[in-house]
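Asks:
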Amino acid sequence: MILEVRDLAVEYRTLEGIVYAVNGMDFELQKGHSLGIVGETGAGKTTMALSILRLLPRQGVITRGRILFEKEDLVKAKEKDLQKIRGDKISMVFQDPMSSLNPVFTVKQQIAEVVKIHRQVSNKEADDRAIEMLRAVGISEDRADNYPHEFSGGMIQRVMIAIALSCQPKLLILDEPTTALDVTIQAQVLDLVKRLRAEFSTSMILITHDLGIVPEICDEVAVVYSGRVVEKGGIGDVYKDPRHPYTEGLFNCVPDIEDPDKKLIPISGLSPSSRLIPPGCPFHPRCKDRFDPCDKSAPRFAEVSPGHYAACYKYRECC
Amino acid sequence: MTWLKFCEAERKVWSMAGRKNQSSGTLKYAIKRILMIFPLLFMIMSVVFIMLHFAPGDPAILMLGPEATQEKILHIRQELGLDNPLHIQYWDFVKKLVLEGDLGNSYQSGRPVVSEIARTLPISAQLAVTALTISIVVSLLIGVISAVRQYSMIDLFTKIFLMIGVSMPVFWLGLVFIVIFSLKLGWFPSSGWGTFRHLVLPAVTLAAYPTAALTRLTRSSMLEVIRQDYIRTARSKGLSEGATIFKHALKNAFIPVITMIGVELTILIGGSILTETVFAIPGLGRMTVTAVFARDYAVIRGSILTVATLVAIINLMVDLSYTLFDPRIRY
Amino acid sequence: MSLHRKKKIEVRNLKKYFEIAKSTFVHAVDDISFDIMEGEILGLVGESGSGKTTAGRSVLRLIEPDSGEVLFDGQNILDFDHHEMKRRRRDLQIIFQDPVSVLNPRKNVFQLISEPLRIHQYGGRKAIRERVCYLAEKVGLSGEIMSCYPHELDGGRCQRVGIARAIALDPSFIVCDEPVSALDVSEQAQVLNLLEQLSTELNLTYLFISHDLSVVRRLSHRIVVLYLGMVMETASAKELFDTPLHPYTRALLSAVPTLNIDKRRERIILKGDVPTPINFGEGCRFFRRCPQAMEVCGGVTPLLKEKNTSHFVACHLYK
Chain E
1 MILEVRDLAV EYRTLEGIVY AVNGMDFELQ KGHSLGIVGE TGAGKTTMAL
51 SILRLLPRQG VITRGRILFE KEDLVKAKEK DLQKIRGDKI SMVFQDPMSS
101 LNPVFTVKQQ IAEVVKIHRQ VSNKEADDRA IEMLRAVGIS EDRADNYPHE
151 FSGGMIQRVM IAIALSCQPK LLILDEPTTA LDVTIQAQVL DLVKRLRAEF
201 STSMILITHD LGIVPEICDE VAVVYSGRVV EKGGIGDVYK DPRHPYTEGL
251 FNCVPDIEDP DKKLIPISGL SPSSRLIPPG CPFHPRCKDR FDPCDKSAPR
301 FAEVSPGHYA ACYKYRECC
Chain X
1 MTWLKFCEAE RKVWSMAGRK NQSSGTLKYA IKRILMIFPL LFMIMSVVFI
51 MLHFAPGDPA ILMLGPEATQ EKILHIRQEL GLDNPLHIQY WDFVKKLVLE
101 GDLGNSYQSG RPVVSEIART LPISAQLAVT ALTISIVVSL LIGVISAVRQ
151 YSMIDLFTKI FLMIGVSMPV FWLGLVFIVI FSLKLGWFPS SGWGTFRHLV
201 LPAVTLAAYP TAALTRLTRS SMLEVIRQDY IRTARSKGLS EGATIFKHAL
251 KNAFIPVITM IGVELTILIG GSILTETVFA IPGLGRMTVT AVFARDYAVI
301 RGSILTVATL VAIINLMVDL SYTLFDPRIR Y
Chain S
1 MSLHRKKKIE VRNLKKYFEI AKSTFVHAVD DISFDIMEGE ILGLVGESGS
51 GKTTAGRSVL RLIEPDSGEV LFDGQNILDF DHHEMKRRRR DLQIIFQDPV
101 SVLNPRKNVF QLISEPLRIH QYGGRKAIRE RVCYLAEKVG LSGEIMSCYP
151 HELDGGRCQR VGIARAIALD PSFIVCDEPV SALDVSEQAQ VLNLLEQLST
201 ELNLTYLFIS HDLSVVRRLS HRIVVLYLGM VMETASAKEL FDTPLHPYTR
251 ALLSAVPTLN IDKRRERIIL KGDVPTPINF GEGCRFFRRC PQAMEVCGGV
301 TPLLKEKNTS HFVACHLYK
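Top line first, the protein sequences correspond to chains E, X and S. Counting in our numbering, the first sequence runs from 1 upward without gaps. Counting in our numbering, the second sequence runs from 1 upward without gaps. Counting in our numbering, the third sequence runs from 1 upward without gaps.
#1: Ignoring anything shorter than 4 residues or poking outside the region 172-238 of chain E, list the alpha helix (DSSP H) runs there in chain order.
#2: Establish whether the CB of Tyr230/X and some CB of chain E are separated by less than 8 Å.
#3: Quick one: using the 10 Å Cβ neighbour count with 16 as the cut-off for buried, is Ala198/E buried or exposed?
#4: Leaving out five residues on either side along the sequence, give the residues of the same chain with a beta carbon under 8 Å from the beta carbon of Ile73/X.
#5: Closer than 7 Å, Cβ to Cβ, to anything on chain E: give me those residues from the region 179-200 of chain S, in chain order.
#6: Would Val29/S and Leu14/S be called neighbours here (beta carbons separated by less than 8 Å)?
#7: Return the residues of the region 112-128 of chain E that lie within a Cβ-Cβ distance of less than 8 Å from chain X, sorted by chain order.
#8: Against Ser58/S, what residues of chain E qualify as contacts under a CB-to-CB distance less than 9 Å, listed in chain order?
#9: Taking Ser147/S as the query, report the chain E residues whose CB atoms sit under 8 Å from its CB, ordered along the chain.
#10: What residues from chain X crowd round Gly87/E, counting only those whose CB sits closer than 7 Å?
#11: Is there a Cβ of chain X sitting closer than 8 Å to that of Phe94/E, yes or no?
#12: To the nearest angstrom, report how far apart Lys28/X and Thr259/X are at their CA atoms.
#13: Give the interface partners of Ser48/S over in chain A, defined as CB-CB distance under 7 Å, in chain order.
#14: How would you call Ser152/E, buried or exposed, if buried means at least 16 neighbouring beta carbons within 10 angstroms?
#15: Do Asp296/X and Gln108/X have their C-beta atoms within less than 8 Å of each other?
#16: With a threshold of 8 Å on Cβ separation, who are the neighbours of Ala302/E within its own chain once the five nearest residues in sequence on each side are excluded?
#17: Between which two residues does the alpha helix (DSSP H) holding Cys133/S run?
#18: Comparing C-alpha positions only, which one of Ser203/E, Gly234/E, Ile156/E and Ile90/E sits nearest to Cys167/E?
#19: List the DSSP bridge partners of Lys89/E.
#20: Using a Cβ-Cβ cutoff of less than 8 Å, which residues in the same chain neighbour Pro103/E once the five nearest sequence positions on both sides are dropped?
#21: For the beta strand (DSSP E) containing Gly56/S, list its first residue and its last residue.
#22: Does DSSP put Arg12/S in a helix, in a strand, or in coil?
#23: Can a CB atom of chain E be found closer than 8 Å to the CB of Asp326/X?
#24: Does the contact criterion of 3 or more C-beta pairs under 8 Å hold for the region 126-135 of chain S versus the region 175-189 of chain S?
#25: For Val254/E and Thr208/E, I'd like the C-alpha separation in whole angstroms.
#26: By DSSP, does Glu4/E sit in helix, in strand, or in coil?
#27: Can you pull out the residues from the region 160-176 of chain E whose beta carbon lies closer than 8 Å to at least one beta carbon of chain X?
#28: Helix, strand or coil for Lys290/S, going by three-state DSSP, please let me know.
#29: If you follow the alpha helix (DSSP H) that Ala311/E is part of, which residue opens it and which one closes it?
#30: Using a Cβ-Cβ distance under 8 Å, would Lys251/X count as near chain E?
#31: CA-CA distance, Val307/X and Ile269/X?
#32: Which runs of the alpha helix (DSSP H) at least 4 residues long sit entirely within the region 15-98 of chain E? Give them in chain order.
#33: For the 8 Å Cβ check, are there 3 or more pairs between the region 141-151 of chain S and the region 101-112 of chain S?
#34: Can the beta-carbon of Asn308/S be found less than 8 Å from the beta-carbon of Thr24/S?
#35: At 3 residues or longer, what runs of the beta strand (DSSP E) sit wholly inside the region 183-221 of chain S?
#36: Are the beta-carbon atoms belonging to Met37/S and Lys16/S less than 8 Å from one another?
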């Protein structure tokens, strides 16, 4: 087990009140595997990812829970220790490529920087490694001294991947890496990630709101709603046999190119507010299968089939 | 959305134009700007001439005193060329300047204006540059710290200090400094020029406002920069907080500050009048004010021309310096 | 599929170039032609730089085209003077992408929906109020939100307000410019269902612009594929997806993610980035990235030709 997140809760303390972004998230990742974390915007996926490396903005506070990376609890780790882990053991690729790189440094400088932080190498060695990584992501050497504004979104995302993999991390986190990209460029980037993952055997977490891309590169999936994981399991299990009402609802309302006549059934009710969390299961206000215990306390995971879990009272005794 | 695409397309066009064109593009731009200075100066001096012509007060009378005879006044006016039509005066001025490098002689002292300026300009420049250096150093430090430690005590004191610095009149501040540091403590002389000690009080007085302005700008620019995604990327690489701030953030935050430094420098050179008056420093500002009271047209013209030229050159240098800091800006 | 064979919109050789620097033009829309039958939903798809947004706006003269014709019910609207055009705008409407930023934040829902009625002097206060109530009901908005402001509503509701405004004056043609891209999945499903329903109920003709092929497949009867300002392929939705002819269409379709983990297309990964359409000369726009490019493709621009019934393609492979 390379990563275990247990009962994680994160809130943002803003002037207008508290936003409960993550409310007891629970999942784990085996070494060498890749996990897709899906949910709609505002479900808490990015907040959770930032919490792993403790990159939350000033207002973000982890209020409870543990994040165990190779048995060490990152929530309690000191800043100095975290700096050793970031970029070296755990790397992250962010969502919006156009704003992720510093505009006043060349791409070579920005890749070489991460190598210099974590390895005792000379400037020349770091530069060579940077060029090597650029080649690995399909960017030619003569663009190494260009600045970020001279690249397109897809290429910058590849530079970000180069930076993330320069020190061969054990865990790679990708937060909506292709959301801002055209679909053919998205295909390129996902293909690249697949190849590099195979080459370096990196464990991976892919965060996205697009259900369609998860099966491309992930073995397992966790579905997130209102700051909690409501269903998790292997791709085959969850995609062919979704058990949680929210997961079912998601699959029913998303158009699918291979199923053009599919009737789109919207999920009733409104998207959840992150300021006011109802007691019990976070989905119960919108759930058509709601019954008595659902508004009392949040259900824990029930194993609906080997390795496939759903947090729903339909499958377990109350509390 | 379309506008964003054009901007992106525009950027790509310029970057496609190639690195080789970069330096020649900047050179062409610089030359174009230098050539533009001449029409600019022409317009400024036209305004000066017209204003002086229509301003009340006769230099001849002021030179000769209230008991001067009409004859003497007319004679002086003729000598100075003040009876000629305005455009003839202007043309004579330009001719003399371009062909002989001569700005005429001061009505008050009779000495060549060029040498008067050569005497006073270095003093004002020294004062201005010292004040500016103090401002830049202090404002960078305080601006960065208060941005990084927003909402802390340091930030609070910074904000108060800024408000005071911006609101305090410079002559009042100068007088206060003289009272405390010259008269009471005797550490620095209260007036005059010549040694390092003469420089301290006036430079600090003059630095007050620019420091406040620059600190405010540095702070707000820094606040904006540290919220950017690329700062988060820098941290995610394992970069220490110090390196993140001083390497990644500062270079970006500094870009708008450069503009203001240029502006402040030009203000300081031409406008250190109050400080020079309070501390009795023989600089360009004080000389110009005295010349205005005496209707010493020659000195006034020469002074304004000098300052205008300096301002134009400094602005150009500031604009060119952007290319050093921001690779997205290329001419 | 509508049984009407009357042509509602005929776009002929539409061109729009933008001059971004001296003698440097972005060929946003470069000689595109298509027809939309009455009651039909035509999907316009493409990635960034394809010109689909510019095309949509040009058809309504929100951007003035440089040349070409737009025939609405047989008349060229590009010939109309200002007054005639204003009159015709009752019939030609648009729904924009981001509902929240499109609505005036200082106006409440009632004012927003009644605005087009007032501009075109629909009638007195009573008539307007009745019409607004009718429209609100038609789009599924409850009466209570009439006095709400856009920032108090979620994306889905705001988009319904946008739709209510668009149908207020009983138009026959609506351009839908990425109407669901800014909504979450459930809101998307609701709005798509609504648009489909209104199309049949009110006999509306749509030009549906989107980058999301799954959505376009679901809703459209026919589809036009754009690349860098030119039409690559036009066909009925079913035929385009079952038998795509143009190499770009094939690559595009293969890149679209699907929920069905058994039925996945063979991915065609394109090389390179989507270029910007600047100062293009002769030759196929897709030449540089085309996996099946031939020599002729670089020098001669392929014309749009009918290969099968109502299936047009612009490619030298099909001569």
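Cβ coordinates follow ideal geometry from the N, Cα and C atoms, glycine included.
Replies: Judging by the given coordinates:
#1: If we require 4 residues or more, the alpha helix (DSSP H) runs fully inside the region 172-238 of chain E come out as 183-200 and 214-217.
#2: yes
#3: exposed
#4: Asp58, Ala60, Ile61 and Leu64
#5: Asp184, Val185, Ser186, Ala189, Gln190, Leu192 and Asn193
#6: yes
#7: If the cut-off is 8 Å between Cβ atoms, the region 112-128 of chain E has Glu113, Val114, Ile117 and His118 near chain X.
#8: Those do not exist, as Ser58/S stays about 22 Å from chain E at its closest Cβ, beyond 9 Å.
#9: Under the 8 Å cutoff, chain E gives no residues; its nearest Cβ is about 19 Å from Ser147/S.
#10: Ser236, Lys237 and Gly238
#11: The beta carbon of Phe94/E sits closer than 8 Å to some beta carbon of chain X.
#12: 21 Å
#13: The structure shown contains no chain A; its protein chains are E, X and S.
#14: Buried.
#15: yes
#16: Cβ within range, chain order: Tyr309, Ala310, Ala311, Cys312, Tyr315 and Arg316.
#17: Per DSSP, Cys133/S is one residue of the alpha helix (DSSP H) stretching across Arg125 to Val139.
#18: Ile90/E
#19: Per DSSP, Lys89/E has no beta bridge partner at all.
#20: Tyr147, Pro148 and His149
#21: Taken as a continuous stretch (DSSP letters only), Gly56/S belongs to no beta strand (DSSP E), being part of the alpha helix (DSSP H) at Lys52 to Val59.
#22: strand
#23: yes
#24: no
#25: 14 Å
#26: strand
#27: Met160 and Ile163
#28: Reading the sequence as shown, one finds Cys at residue 290/S and not Lys. Secondary structure of Cys290/S (DSSP, three-state): coil.
#29: Element bounds for Ala311/E: n/a, residue is neither H nor E.
#30: yes
#31: Rounded to whole angstroms, Val307/X and Ile269/X show a C-alpha spacing of 7 Å.
#32: Qualifying alpha helix (DSSP H) stretches, in chain order: 45-52 and 79-85.
#33: yes
#34: no
#35: If we require 3 residues or more, the beta strand (DSSP E) runs fully inside the region 183-221 of chain S come out as 205-210.
#36: Taking 8 Å as the cut-off, the Cβ atoms of Met37/S and Lys16/S do not count as close.
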